[in-house]
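In the numbering used here, the protein residues as written are 38 to 202.
Positions of the beta carbon are idealized from the N, C-alpha and C atoms, including for glycine.
Below you'll find the structure, written out as structure tokens, and then a few comments.
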């Protein structure tokens with residue numbers, strides 16, 4: 038059942054990503070990208086990585102999509118501008134995609150297929166509780182240094198954003 042759900046969510050992610058690439062309306066493209074990000078979060082949940090799923094939803098489906106929508110509203114795209122694009126850009130895009138396909142096929146050709154079956158999987162791997170224990174026990178100093186760095190960035194952004202001190 039888990040494998041069926043994983044393939045279903047993976048198919049949804051790939052289908053919405055393909056729709057994102059080929060959508061004519063930028064708003065529909067962004068909405069399909071949001072569906073892609075939620076589908077990837079669903080795959081993380083099925084892989085027992087709840088923390089990554091929450092980060093995926095908060096960062097990508099939340100903050101970055103809001104930024105994309107804001108930029109889309111500011112761009113004011115018109116259909117008249119679309120006709121001004123020549124065939125040169127289309128040719129460059131197809132050529133670049135072909136180069137990417139050749140590179141990916143070359144990588145897959147060099148990979149050896151080893152069928153490894155993992156039988157004893159620790160059910161605690163990926164749980165947020167275990168990540169919290171690890172961060173606050175073994176990696177407490179790097180965690181605190183990262184929080185000080187983030188705090189310094191926030192203070193700097195506030196000071197730069199202020200008009201008068």
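Among residues of its own chain, excluding the 5 on either side of residue i, which ones have a beta-carbon nearer than 6 Å to its beta-carbon?
i: residue 102; result: 71
i: residue 78; result: 90, 93, 94
i: residue 76; result: 46, 49, 50
i: residue 180; result: 172
In the structure shown, what three-state DSSP assignment does residue i receive?
i: residue 175; result: coil
i: residue 140; result: helix
i: residue 85; result: coil
i: residue 189; result: helix
i: residue 123; result: coil
i: residue 61; result: coil
i: residue 164; result: coil
i: residue 38; result: coil
Just how far apart, CA to CA, sit residue i and residue j?
i: residue 208; j: residue 182; result: Missing from the structure shown is residue 208; the chain here goes from 38 to 202 and no further.
i: residue 106; j: residue 60; result: 15 Å
i: residue 198; j: residue 191; result: 10 Å
i: residue 90; j: residue 112; result: 31 Å
i: residue 138; j: residue 185; result: 43 Å
i: residue 135; j: residue 127; result: 12 Å
i: residue 172; j: residue 125; result: 51 Å
i: residue 49; j: residue 123; result: 33 Å
i: residue 143; j: residue 51; result: 22 Å
i: residue 62; j: residue 104; result: 17 Å
i: residue 170; j: residue 100; result: 27 Å
i: residue 109; j: residue 175; result: 43 Å
i: residue 146; j: residue 196; result: 53 Å
i: residue 132; j: residue 66; result: 23 Å
i: residue 141; j: residue 193; result: 42 Å
i: residue 177; j: residue 64; result: 43 Å
With a CB to CB cut of under 7 Å and the five nearest residues on each side skipped, what residues in its chain are close to residue i?
i: residue 97; result: 74
i: residue 69; result: 53, 56, 57, 60
i: residue 165; result: 87, 88
Ordered along the chain, which non-local residues of its own chain (more than five positions away) have a Cβ less than 8 Å from that of residue i?
i: residue 168; result: 88
i: residue 83; result: 39, 42, 43, 46
i: residue 130; result: none
Quick one: does residue i have its CB under 9 Å from some CB of chain D?
i: residue 107; result: Annotation note: the requested chain D is absent from the structure, which comprises a single protein chain.
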